[in-house]
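J.: Below is the structure I would like to discuss, written out as structure tokens.
Residue numbers (the numbering used here): 5 to 193.
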């Protein structure tokens with residue numbers, strides 16, 4: 005029984021590791037998208053050109069990662085409840101074994117370990133705590149997804165296209181732009 009509990013503990017640690025790795029990859033991926041959008045020159049990403057593609061890419065990544073996170077969380081909670089059940093069964097088996105040993109040896113006093121078990125008490129608070137932490141993580145994940153999706157939609161359209169219009173009007177001028185700030189350099193000849 006101890007071997008089963010130890011294997012379940014390793015599985016729980018593996019699931020936690022997988023969830024953190026998945027979340028880290030998602031945050032890096034979305035961060036790269038946001039950096040690409042916010043740092044791109046005005047001529048490369050415009051309001052009508054690539055905004056929809058970036059929005060779809062970000063939404064798809066959020067949906068896939070959210071589904072994977074839910075799957076990992078479900079396996080995690082199932083493994084936790086199975087581990088708790090196995091520990092309870094193991095404790096009950098040891099208690100029965102101690103009672104049988106104490107009956108076969110009347111000279112010894114019965115042990116007090118079978119009277120009350122901390123494992124047999126209601127485990128509702130611990131379960132509620134696990135689900136609460138899971139809900140907070142999902143809400144943070146959804147909040148970050150919302151920010152990145154909104155960023156994919158808003159950032160390309162928030163830039164002013166003044167620099168592009170100026171360069172189209174005057175052929176002899178070169179506009180150097182970074183975000184919404186532009187410097188116009190014109191030749192006299």
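Even for Gly, the Cβ is constructed at its ideal location relative to N, Cα and C.
(1) So, residue 38 versus residue 156, is the Cβ gap smaller than 9 Å?
(2) Exposed or buried, what is residue 28 when buried is set at 16 or more other beta-carbons lying within 10 Å of its beta-carbon?
(3) Give a yes or no on contact between the segment 136-154 and the segment 62-79, applying the rule of three or more CB pairs nearer than 8 Å.
(4) Could you work out which residue in 153, 159, 84 is closest to residue 132 when comparing CA atoms only?
(5) Compute the beta-carbon to beta-carbon distance between residue 2 and residue 16, rounded to the nearest angstrom, for a pair I have assumed lies under 8 Å.
(6) Does the distance from the C-beta atom of residue 88 to that of residue 5 stay below 9 Å?
(7) Report the residue from 184, 178, 149 whose alpha carbon sits nearest the alpha carbon of residue 191.
(8) How about residue 75: is its Cβ closer than 8 Å to a heavy atom in the ligand NAP?
T.: According to the data block:
(1) As a position in the chain shown, residue 38 is number 34, starting the count at 1. As a position in the chain shown, residue 156 is number 152, starting the count at 1. Yes, Cβ-Cβ distance for residue 38 and residue 156 is below 9 Å.
(2) Here the question's residue 28 lines up with position 24 in the chain shown. By the neighbour-count definition (other C-beta atoms within 10 Å, threshold 16), residue 28 is an exposed residue.
(3) Touching, per the Cβ criterion.
(4) On the chain shown, residue 132 is found 128 positions in, with the first residue counted as 1. Shortest Cα-Cα distance from residue 132 to any of 153, 159, 84 involves 84.
(5) Outside the shown range of the chain, which is 5 to 193, sits residue 2, and nothing can be said about it.
(6) One-based indexing of the chain shown puts residue 88 at position 84. One-based indexing of the chain shown puts residue 5 at position 1. It is not a contact, given that the beta carbons lie outside the stated cut-off.
(7) The residue labelled residue 191 in the question sits at position 187 within the chain shown. Minimum Cα-Cα distance from residue 191 among the listed residues 184, 178, 149 corresponds to 178.
(8) In the structure on display, the ligand NAP does not appear, and there are no ligands present to speak of.
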